[in-house]
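Q:
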Amino acid sequence: MSAGVPLASWKTQMFESMLGFLPDWVQITVLALVVLAFLTAWTVKLKRRVAARRAPRAGAPVRTQASGADFLGPYAPRNQDGGAAHSGAREPSGADFLGAYAPRREGGERA
498 MSAGVPLASW KTQMFESMLG FLPDWVQITV LALVVLAFLT AWTVKLKRRV AARRAPRAGA
558 PVRTQASGAD FLGPYAPRNQ DGGAAHSGAR EPSGADFLGA YAPRREGGER A
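498 is the number of the first residue of the sequence shown in the numbering used here; add one for each residue after it.
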């Protein structure tokens with residue numbers, strides 16, 4: 498009576514071929530873990546999307562991982578005074594900080 502058309506989807510056939518020889522309780526556990534992983538990933542994605550939408554309205558910064566030119570890591574310049582900020586002087590940082598490679602200024606003036 499079979500017409501040669503499989504009744505199950507390709508996902509079900511893959512699951513059956515990979516886990517079909519295992520006991521039922523193992524198959525159910527693996528299937529539950531796959532569903533749990535999918536739901537967790539979907540929930541995290543949804544939470545990030547909601548946080549990104551609410552951030553501009555609330556004025557709160559969205560926390561993102563620093564990368565590229567924004568993140569200098571171990572190459573960031575160190576503060577010579579232990580982190581205390583000067584009241585009037587601007588601290589050099591990032592691409593503005595050349596350290597020993599900075600050109601010498603004539604007349605001793607600083608910007």
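Even for Gly, the Cβ is constructed at its ideal location relative to N, Cα and C.
1) Starting from LEU516, trace the alpha helix (DSSP H) in both directions and tell me its first and last residue.
2) Under a three-way DSSP split, which group does SER501 fall into?
3) Just the C-alpha distance for LEU533 and THR526, rounded to the nearest angstrom, thanks.
4) Going straight from the alpha carbon of ALA597 to that of PRO574, what length do you get?
5) I need the DSSP call for GLU603, collapsed to helix, strand or coil.
6) I think GLN524 touches LEU516, with their Cβ atoms under 8 Å apart; what is that distance to the nearest whole Å?
A: Considering the structure as presented:
1) 507-516
2) Note on residue identity: the sequence assigns Gly, not Ser, to residue 501. In this structure, GLY501 counts as coil in the three-state DSSP scheme.
3) 10 Å
4) 12 Å
5) helix
6) 5 Å
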